[in-house]
Ligand code: 1PR
């Protein structure tokens with residue numbers, strides 16, 4: 113009997129789907145006594161170290177779990193599920209962990225590298241384990257800001273290491289008890305194979321030895337983006353605009369069905385898939401069941417991270433029921449999203465922050481980050497260039513630009529907009545990104561209305577200005593037209609990911625061609 117500890121935070125649907133896709137049935141731990149009855153136990157810790165331990169405590173799971181682990185019974189911890197095996201974590205000072213493995217989990221101290229460590233990195237097994245049967249060194253998906261270091265005290269547990277500003281423990285194991293820092297359920301075929309070894313209780317395969325690289329590197333991510341909205345017939349379609357105008361001869365462009373396209377991109381090697389519900393600002397997203405269904409159906413077959421944006425904000429419906437942004441996000445996470453992306457509401461939150469001079473603790477960014485972790489909160493910025501004659505003509509962050517304005521201006525700032533670019537605000541993208549990071553956002557999705565759909569390349573000046581201003585990962589978006597644009601953005605800026613839509617939808621540039629081009633230029637990618 114395979115049992116899952118799910119305490120209702122985060123995207124556990126993907127793990128369930130992965131287990132089902134591998135042909136296994138799963139039961140849920142519903143009460144403390146179920147733990148000792150389980151034959152194999154999976155613990156996908158989600159949220160923060162403190163929340164995970166608190167939930168285990170509140171549910172009465174701590175003691176039976178300690179007993180189960182002490183007996184060395186089959187266990188797989190994932191992400192926070194690995195960290196909880198240690199004595200404590202810098203993330204939640206004073207909160208005791210399960211204490212099975214000696215030592216503390218600490219925050220990444222990765223110098224110039226972005227934190228969270230988010231994306232696809234290699235894994236170097238330190239010894240043989242059936243869990244790595246068939247593993248050929250593929251990159252696996254990580255997303256975390258805290259990590260355990262290999263130390264003499266935990267040497268007996270150390271199964272694999274990964275490098276990110278120094279080596280950390282990416283897998284631990286002693287006999288039947290194992291845990292991994294990566295997400296096998298989000299790591300494509302290689303992740304599913306890993307999970308399958310645990311589920312099947314596989315013996316060590318002959319000749320399974322994989323020695324691993326001397327050092328591992330985080331890959332630059334290639335993200336396929338699906339802008340989704342209802343067309344004039346009311347069907348949910350993937351559309352694509354030119355500078356955010358998605359209509360052609362008055363009709364909404366229809367580039368395909370969301371679930372089918374997402375599956376195609378998964379199969380073609382996209383490292384991540386983003387859905388943006390582009391008209392959600394005027395509808396109540398929780399009534400938009402088709403969008404939830406799109407996520408549910410996608411997560412059944414797509415085993416890479418899924419982000420959903422559009423309409424993540426507080427709402428009062430026609431009957432006067434109030435929903436918080438956290439409620440909306442929770443519905444998306446339950447449906448299979450790993451991250452939510454906040455657009456218009458982030459602008460409103462930052463405007464309030466700048467007016468009051470302090471955080472409220474109650475904004476969508478803060479609340480969702482507290483419950484689901486910083487990595488689950490992406491900020492989608494929709495900026496537009498505003499040209500000025502000189503930097504002191506505005507109080508906003510300006511850049512000297514190589515693309516002069518209509519009057520030959522040599523400076524510009526990047527104005528935040530809301531409602532899909534329909535309304536410009538007195539706020540620049542650099543400030544927005546900085547404040548959102550301070551409030552707990554884990555990643556920036558940086559669009560450009562000027563470049564969107566033009567195929568003329570990313571706005572390197574915008575991307576450089578924003579990515580330099582924050583330490584969280586930045587996704588460059590808008591304007592990709594050929595493979596060289598991807599190498600250009602990775603060479604000119606230190607963004608962690610690049611996103612494109614039109615060229616993938618229209619099959620002008622395959623994802624594999626982008627990756628082959630990057631690889632030939634020595635840029636780390638996931639194959
Ligand atoms: O404001 O929280 O409800 O979120 C709305 C979301 O919908 C935001 O993330 C916003 O970027 C997005 N959005 C709103 N209107 C549009 C539109 O196009 N009319 N799409 C829109 C934005 C931009 C990109 C696009 C890239 C790459 N799409 O994500 O996919 O520009 O395109 P390209 O490679 O073809 O150039 P809220």
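Residue numbers (the working numbering): 113 to 639. Backbone N, C-alpha and C define an ideal beta-carbon position, used for all residues, glycine too.
query = Can we count residue 436 as close to the ligand 1PR, meaning its CB is less than 7 Å from some heavy atom?
reply = The residue you call residue 436 lines up with position 324 of the chain shown. Not so, every heavy atom of the ligand 1PR lies at least 7 Å from the Cβ.
ask   = Within 7 Å: the Cβ of residue 612 and any heavy atom of the ligand 1PR?
value = Stepping through the chain shown from its first residue, residue 612 is reached at position 500. Indeed, a heavy atom of the ligand 1PR lies less than 7 Å from the Cβ.
query = Can you tell me whether residue 634 is buried or exposed, with buried defined as 16 or more other CB within 10 angstroms of its CB?
reply = In the chain shown, residue 634 corresponds to position 522, counting from 1. Residue 634 should be labelled exposed.
inquiry  = So for residue 452, helix, strand or coil by DSSP?
reply    = By one-based count along the chain shown, residue 452 stands at place 340. Correct three-state label for residue 452: strand.
Per-residue DSSP class, three states only, for residue 410 = Stepping through the chain shown from its first residue, residue 410 is reached at position 298. Residue state, collapsed to three classes: helix.
query = So is the beta-carbon of residue 427 under 7 Å away from any non-hydrogen atom of the ligand 1PR?
reply = For the purposes of this step, residue 427 is taken as the residue at position 315 of the chain shown. Checking every heavy atom of the ligand 1PR against the Cβ of residue 427, none is found closer than 7 Å.
ask   = Quick one: complete beta strand (DSSP E) runs, 3+ long, within the region 463 to 505?
value = 489 to 493, 495 to 500
query = Quick one: Cα of residue 491 to Cα of residue 531, how far?
reply = Taking the first residue of the chain shown as position 1, residue 491 is located at position 379. Taking the first residue of the chain shown as position 1, residue 531 is located at position 419. Rounded to whole angstroms, residue 491 to residue 531 spans 14 Å at the Cα level.
inquiry  = Below 8 Å, how does it come out for the region 205 to 212 and the region 176 to 184: are there three or more Cβ pairs, yes or no?
reply    = yes
ask   = Bridge partners of residue 626, per DSSP?
value = Mapped onto the chain shown, residue 626 falls at position 514. BP columns for residue 626 are empty, so no partner.
key: Cα-Cα separation, residue 518 to residue 544   = Translated into the one-based positions of the chain shown, residue 518 becomes position 406. Translated into the one-based positions of the chain shown, residue 544 becomes position 432. Looking at the two C-alpha atoms, the distance is approximately 26 Å.
query = Does the region 359 to 366 come within contact of the region 389 to 396, defined as at least 3 CB pairs closer than 8 Å?
reply = no
message = Less than 7 Å separating the Cβ of residue 588 from some heavy atom of the ligand 1PR?
response = In the chain shown, residue 588 corresponds to position 476, counting from 1. Residue 588: no, Cβ never under 7 Å from the ligand 1PR.
Residue 343 Cβ short of 7 Å to the ligand 1PR heavy atom set = Against the chain shown, residue 343 aligns to sequence position 231. Not so, every heavy atom of the ligand 1PR lies at least 7 Å from the Cβ.
Option in 149, 126, 228, 125 with minimal Cα separation from residue 582 = Counting from one through the chain shown, the residue named residue 582 turns up at place 470. Among 149, 126, 228, 125, the Cα nearest to that of residue 582 is on 228.
inquiry  = So, under 8 Å CB-CB, residue 307 and residue 290 are touching, yes? Tell me the CB distance rounded to an integer number of Å.
reply    = Counting from one through the chain shown, the residue named residue 307 turns up at place 195. Counting from one through the chain shown, the residue named residue 290 turns up at place 178. With 8 Å as the limit, residue 307 and residue 290 do not qualify as a contact, their Cβ atoms being about 11 Å apart.
key: Minimum Cβ-Cβ distance from residue 327 to chain D less than 8 Å   = No chain D appears in this structure, which consists of one protein chain only.
message = Check this for me: beta carbons of residue 277 and residue 220, under 8 Å apart or not?
response = Sequence index remark: in the chain shown, residue 277 carries index 165 (1-based). Sequence index remark: in the chain shown, residue 220 carries index 108 (1-based). Yes, Cβ-Cβ distance for residue 277 and residue 220 is below 8 Å.
inquiry  = Can you tell me whether residue 196 is helix, strand or coil according to DSSP?
reply    = Here residue 196 corresponds to residue number 84 of the chain shown, with the count starting at 1. Reduced to three states, the DSSP call for residue 196 is coil.
inquiry  = What does the alpha-carbon distance come out to for the pair residue 168 and residue 473?
reply    = Counted from its first residue, the chain shown places residue 168 at position 56. Counted from its first residue, the chain shown places residue 473 at position 361. So the alpha carbons of these two residues sit roughly 25 Å apart.
request  = Whole angstroms is fine: what's the gap from residue 114's alpha carbon to residue 284's?
outcome  = On the chain shown, position 2 is the one that residue 114 refers to. On the chain shown, position 172 is the one that residue 284 refers to. Computed Cα separation, rounded: 20 Å.
query = Quick one: does the C-beta of residue 356 sit closer than 7 Å to a heavy atom of the ligand 1PR?
reply = Taking the first residue of the chain shown as position 1, residue 356 is located at position 244. For the ligand 1PR, at least one heavy atom lies less than 7 Å from the Cβ of residue 356.
request  = Would you check if there are 3 or more beta carbon pairs closer than 8 Å linking the region 480 to 491 to the region 247 to 261?
outcome  = yes
query = Where does residue 387 fall in DSSP's three states?
reply = If you number the chain shown from 1, residue 387 lands on position 275. Three-state DSSP puts residue 387 in a strand.
task = Note down the Cα distance separating residue 511 from residue 475, rounded to an integer number of angstroms.
result = To locate residue 511, count along the chain shown from 1; it is residue 399. To locate residue 475, count along the chain shown from 1; it is residue 363. For residue 511 and residue 475, the distance between alpha carbons rounds to 30 Å.
query = Below 8 Å between beta carbons: does that hold for residue 251 and residue 331?
reply = The sequence position of residue 251 within the chain shown is 139, counting from 1. The sequence position of residue 331 within the chain shown is 219, counting from 1. Yes.
task = Kindly list the residues whose CB is nearer than 7 Å to the CB of residue 513, restricted to its own chain and excluding five residues on each side of it in sequence; keep chain order.
result = For the purposes of this step, residue 513 is taken as the residue at position 401 of the chain shown. The residues are 522, 523, 524, 573.
task = Using beta-carbon positions only, say whether residue 268 and residue 217 come within less than 8 Å of one another.
result = In the chain shown, residue 268 corresponds to position 156, counting from 1. In the chain shown, residue 217 corresponds to position 105, counting from 1. No, the pair does not count as a contact, with Cβ atoms beyond the cut-off.
task = Check whether the Cβ of residue 424 sits closer than 7 Å to any heavy atom of the ligand 1PR, and report yes or no.
result = One-based indexing of the chain shown puts residue 424 at position 312. Yes, Cβ of residue 424 sits closer than 7 Å to a heavy atom of the ligand 1PR.
message = Output needed for residue 631: all residues of its chain with C-beta closer than 7 Å, excluding positions within five of it in sequence on either side, in chain order.
response = The residue you call residue 631 lines up with position 519 of the chain shown. Here the set comprises 637.
ask   = Whose C-beta lies closer than 7 Å to the C-beta of residue 414 among residues of the same chain, with five residues either side of it excluded?
value = Working through the chain shown from its first residue, we reach residue 414 at position 302. Closer than 7 Å at the Cβ level, and outside the excluded window around residue 414, lie 374, 375, 378, 385.
key: residue 403, DSSP secondary structure in three states   = For the purposes of this step, residue 403 is taken as residue 291 along the chain shown, with counting starting at 1. DSSP places residue 403 in helix when its eight states are reduced to three.
ask   = Per DSSP, residue 230 forms a beta bridge with which residues?
value = As a working note, residue 230 is residue 118 in the chain shown. 255, per the DSSP bridge assignment.
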